[in-house]
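Protein chains in written order, with our numbering: chain C, 32 to 524; chain H, 929 to 1023; chain Y, 11 to 492. Positions of the beta carbon are idealized from the N, C-alpha and C atoms, including for glycine. For clarity, every value in this text was computed on a predicted model and none was experimentally measured.
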Amino acid sequence: MLTELTIAAARDGLRRRDFSAVELVKAHVDAIDRLNGRLNAFITVTSEDALKAAERADELLGHGDAPDLAGIPLGIKDLFCTNGVRTTAASRMLENFIPPYESTVTANLLRDGAVFIGKTNLDEFAMGSANITSAFGNVENPWKREGDPQTALVPGGSSGGSAAAVAAGLAMGATGTDTGGSIRQPAAYCGIVGLKPTYGRCSRWGTIAFASSLDQAGPMARTVEDCAIMLQSMAGFDPKDSTSVDHPVDDYRAACSGSLKGMRVGIPREYRVDGMPAEIEASWKQGVEWLRDAGCEIVDVSLPHTKYGLATYYIVAPAECSSNLARYDGVRFGRRVEAPTLDEMYEKTRREGFGAEVRRRIMIGTYVLSAGYYDAYYLKAQKVRSLIRRDFTEAFEKVDVMLTPTAPSPAFAQGEKTDDPVQMYLNDVFTVPASMAGMPAMSLPAGLSERGLPLGLQLIGRPFDEKSLLAAGRALERAAAFTHRPAIRAEGV
Amino acid sequence: MSLDPATVRRIARLARIGIDESDLQSLQGEMNGILGWIEQLDEVNVDGVAPMVGTEHAILRMRDDIVTDGNIRDAVLSNATDTVGPYYTVPKVVE
Amino acid sequence: MSYLIEGKTGTWEIVVGLEVHAQVISKSKLFSGASATYGGEANTHVSLVDAGFPGMLPVINRECVAQAVRTGLGLKARINLQSRFDRKNYFYADLPTGYQISQFTHPIVGEGTVEIELSDGTVRHIGITRLHLEQDAGKSMHDQDPSRSFIDLNRAGVALMEIVSEPDIRSPEEAGAYLRKLRMILRYLGTCDGNMEEGSMRADVNVSVRKKDEPFRTRCEIKNVNSIRYVMHAIEAEAARQVEIWESGGSVDQETRLFDPSRNETRSLRSKEDAHDYRYFPDPDLLPLVIEEEWVRNLEKSLPELPDDKRDRFEKEYGIPHYDAGVLVAEQAIADYYETVAHGRDGRLAANWVTGDLFAALNRSGRDIQDSPISAEALGGMLDLVSDGTINGKIAKEVFEDMLETGDSAADIVERKGLKQVTDTGAIDKAVADIMARHADKVEEYRGGKDRLFGFFVGQVMKAMAGKANPALVNEALKKVL
């Protein structure tokens, strides 16, 4: 079944001409036709363009000089600007926005022959942890609680559409962006692998900004190796992004088979939070054992300031977003609500164009930057952030990677945790610290919860040491042998 | 510290987000909840700590002074709701 | 020169600080590769970065940083090797991103100083607080349509230097002298063209008044004044307004005001309820700006000689008066012209010709020195003829006029018109004898003690010789005979 293949296997199959790129893409387009109505993983489907691209890929494959990702159907989070293809950020504000430019990350993927089958759903402007703030409707997690096929679960967020699409076999892989956990947490909820690279590893140029000092693009796929293959294409220095780092890109695929002999794995004690569900703790312990068995040395480490990560995040990210989203004013692009005066036009446009969560974060961000509060909130938060980074830097003198759970619970039901924004924010408690420190981190499925839902483990690495993440991740993947598939999927439904 | 309705209105005005009375009530409650939760940072001692900036793995790169962009007016205007000739428009600003 | 306002309650002093926005000379914009050239069809010098499209990011222009450093060096200011860009957040129609990238807490240039000289010869030093880089905004046009304003982003993102002075200025004259001097320095450095009409240099003027030895009182900021004369008028008008308020028992509100030149008054620009709260914070799209000491030193080495240094050197090297030297260095092109003329020649003679006949001629024809009809080399050639006695000073004026008209060289004109000075003593003696014979009566009078008739004889001899005689030889010959 073509929709169950890994990217690595599909690459080989395409080169052996076991199947054509058109067949491969068609299988995924068909799956979208059948399932997207329910999952709502895609905001825009570009099947015609995808099939044309697949034809071109077949030509190149026929000549034997096809680029690495030729013919591989990918979903693109609808936060990456795609030339001539509507890019919405899941906001009413950008409902009709057609960028006349291609983001660096997607341009890299196109350069390597990838086929884009559509733009995936997300929380509006990537602000959310459950994909319930999209102006284009909720995304449904393809997984179901055991014995409860009716309840729709959230896919996590903000890259919920990407995660659901990849889990259900609507795309072989997808791009995500991660600001505080937006790749890793939905990957965990949907039982796939998601990698947030080091800040500065993938260019931010052409990706709609949420919080500039945190946003980082990364791959989401069903295996560690597939993430490595995608990252190989997405990563790289970009002179158009002043925060892009000119650091050599490693051979990520080769890194997947790297040795774990002597690798020191840190277990940060502060992640053992009060009230952690037993199944999360058990999965974490299991992960530790697997790495020990693979030859790693397990080291207890301390990250004393990580417990402030979330509160820090909810100052820094809204502050940056309040400024980044000021450009949506109805003048040059996006929605415009006419009004007799300029200020009324702004206020109406932004009231109607933004959803409640985005408005709330802009308000918080505006407040924490306002006169008299900057020092107490924003400046303080950036100092705490320095302490968080220092914690990681010091811990990484003793260990090579760290292992933690990805999220404090498995996927929850749509409608849960929605009364209080703070309760929703707590889903990111384990993912936010690495974001605040700019460290690379990856989530991969490690097992199932008591009710049959995937649980993710998170690996955190040193800056620009994605290689160690991939090596340790591949070992965990092999040990976990996670072959479970969601209830809703392209194959066999 | 808790935000009063007047402050919420002032912030909304600064952010150019229109709010009506029902928005005001819920926003005030939610913002106070979030800000109250954030107050946990009060217990962190940051004396002598420098605030974090971007990435420590690079310094600001400077580009050469060459004209490499522009002359793309169609693209620049392509997504605007209201244009007149080569211009964007806004409701008349009286100065 | 002290400038004081005599009020009903006593004497008031004015306190002025200036914030000058100077557009940086560069090919492309501060953070985008679009052209920074003035003009162009609407919205053509605009990139998607300038228009603030989603996902667009700023990358800084090295030349703009260099220009700021050069200017800082020219203002004898501290160069900060580490500086930072902040966002200044506010909504306006011609501000595409909703924030201006500026430098708030860590400017690239720190304290410096500008020396000014007033009409009475007083020299004062005006402190520079800081200089920072920032983006210009676009342009709104309000008079094209009944219900809409039109937006052109050609200027959005062009680099500006904001140069902030200390509140050291005490009179409208000082403000004028400061602005002229600052503009002179910028033009010498080639960092800003200083063209106030096109808006490439504009000033925000902070004015307050106080009684002698008082601390500062509340100031008002007069925004965007676009000529030196208006700055001076605005200060006068605003100071008078403030004195009147204080003296009538009121108090001045700190606010932003506009100067209306047609009424010669300032008026309030925005009400306090709408006070701005710019929510500055470090721009997360940019990293701290770190420049190397060595780079700064190299820029310093390549700086041109600045006006004050040039003036001092001219005085010393060419032996010309302070005032003349000041006039000659007012513009780099004039100074260059003068130096070409004066090089290896009599510096005073050169200064007299440049500031006298040449300036007058340029004035008459409305030309700049750059397109002077007489090149510096040509004028020098003429002075050579004066110095070596080929022509005398009087003939030189005639030759100069001819040069203006024909563009010919002085030597050619002298040749063509036969203006070569006569030094043949025989010819002079003969002319002297003729004149003496023709004016025997006058000779008698002279010999009777009417000394001033000597000039008459000189004139007559020169006239007889068509002005070409060497005046010294004529004098000598006359003295001998008389």
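Against residue i, what residues of chain H qualify as contacts under a CB-to-CB distance less than 8 angstroms, listed in chain order?
i: residue 418(C); result: 972, 974, 977
i: residue 394(C); result: 936, 939, 940, 943, 945, 955, 959
i: residue 203(Y); result: Ordered by position in chain H, no residue passes the 8 angstroms Cβ test against residue 203(Y), which lies about 16 angstroms from the chain.
Mind checking residue i: buried by the 16 CB within 10 Å criterion, or exposed?
i: residue 491(Y); result: exposed
i: residue 333(Y); result: exposed
i: residue 172(C); result: buried
i: residue 74(C); result: buried
i: residue 64(C); result: exposed
i: residue 205(Y); result: exposed
i: residue 282(Y); result: At residue 282(Y), the pLDDT of 48 sits below 50, so the modelled position is not reliable; the number obtained from the coordinates is stated separately. Residue 282(Y) comes out exposed.
i: residue 524(C); result: A caution first: residue 524(C) carries a pLDDT of 47, below 50, which makes its placement in the model too unreliable to give a value.
i: residue 12(Y); result: exposed
i: residue 179(C); result: exposed
i: residue 246(C); result: buried
i: residue 279(C); result: exposed
i: residue 14(Y); result: exposed
i: residue 274(Y); result: exposed
Residues of chain H with CB closer than 9 angstroms to the CB of residue i, please, in chain order.
i: residue 111(Y); result: Per Cβ cutoff of 9 angstroms: no residues; residue 111(Y) is ~12 angstroms from chain H at best.
i: residue 462(C); result: Result: empty, since nearest Cβ-Cβ is about 18 angstroms, beyond 9 angstroms.
By the criterion of Cβ-Cβ separation under 7 angstroms, what are the contact partners of residue i in chain H?
i: residue 453(C); result: 961, 962, 965
i: residue 13(C); result: The question about residue 13(C) has no answer here: the residues shown for chain C are numbered 32 through 524.
i: residue 37(Y); result: 993, 994, 995
Kindly indicate which three-state DSSP category residue i falls into: helix, strand or coil?
i: residue 416(Y); result: helix
i: residue 94(C); result: helix
i: residue 236(Y); result: coil
i: residue 41(Y); result: coil
i: residue 322(Y); result: helix
i: residue 202(Y); result: coil
i: residue 486(C); result: strand
i: residue 283(Y); result: Caution is warranted here: a pLDDT of 48 is assigned to residue 283(Y), below 50, making its placement in the model unreliable, and the coordinate value is therefore given only provisionally. Residue state, collapsed to three classes: helix.
i: residue 202(C); result: coil
i: residue 92(Y); result: strand
i: residue 363(Y); result: helix
i: residue 376(C); result: helix
i: residue 243(Y); result: helix
Output, in chain order, the set of chain Y residues within a Cβ distance shorter than 7 angstroms of residue i.
i: residue 982(H); result: 294, 297
i: residue 992(H); result: 72
Figure out for me which residue from the options has the closest Cα to the Cα of residue i.
i: residue 508(C); options: 222(C), 201(C), 405(C), 282(C); result: 222(C)
i: residue 339(Y); options: 356(Y), 355(Y), 364(Y), 73(Y); result: 364(Y)
i: residue 304(Y); options: 312(Y), 130(Y), 298(Y); result: 312(Y)
i: residue 149(C); options: 106(C), 84(C), 227(C); result: 106(C)
i: residue 448(C); options: 378(C), 41(C), 160(C); result: 160(C)
i: residue 341(C); options: 47(C), 415(C), 174(C); result: 415(C)
i: residue 106(Y); options: 965(H), 1020(H), 1005(H), 994(H); result: 1005(H)
i: residue 477(C); options: 57(C), 335(C), 319(C); result: 319(C)
i: residue 307(Y); options: 17(Y), 89(Y), 38(Y); result: 89(Y)
i: residue 489(C); options: 181(C), 127(C), 58(C), 314(C); result: 314(C)
i: residue 301(C); options: 70(C), 229(C), 433(C), 444(C); result: 433(C)
i: residue 408(C); options: 154(C), 199(C), 437(C), 347(C); result: 347(C)
Counting only Cβ pairs nearer than 9 angstroms, list the residues of chain Y close to residue i.
i: residue 1009(H); result: Per Cβ cutoff of 9 angstroms: no residues; residue 1009(H) is ~12 angstroms from chain Y at best.
Cβ closer than 8 angstroms: which chain Y residues qualify as neighbours of residue i?
i: residue 1005(H); result: 53
i: residue 988(H); result: 70, 296, 297, 298, 299, 300
i: residue 227(C); result: By Cβ distance, chain Y contributes nothing, its closest Cβ being about 17 angstroms from residue 227(C), past 8 angstroms.
List the residues of chain C that residue i touches, going by C-beta distances under 8 angstroms, in chain order.
i: residue 287(Y); result: 401, 402
Using the beta-carbon of each residue, which ones in chain C are nearer than 7 angstroms to residue i?
i: residue 1019(H); result: 370, 371, 372, 373, 376
For the segment 304 to 321 of chain Y against the segment 195 to 204 of chain Y, do three or more pairs of beta-carbon atoms, one drawn from each stretch, fall closer than 8 angstroms, so that the two count as touching? Judged by Cβ distances under 8 angstroms, the segment 304 to 321 of chain Y makes contact with the segment 195 to 204 of chain Y, as three or more pairs qualify.
Decide yes or no for the touch test of the segment 354 to 363 of chain C against the segment 321 to 330 of chain C: beta carbon pairs closer than 8 angstroms, at least 3 of them. Contact between the segment 354 to 363 of chain C and the segment 321 to 330 of chain C is not established, with fewer than three Cβ pairs separated by less than 8 angstroms.
Touching or not, the segment 972 to 992 of chain H and the segment 258 to 276 of chain C, by the rule of three or more beta carbon pairs under 8 angstroms? By the C-beta criterion, the segment 972 to 992 of chain H is judged to be in contact with the segment 258 to 276 of chain C, since at least 3 inter-stretch pairs fall below 8 angstroms.
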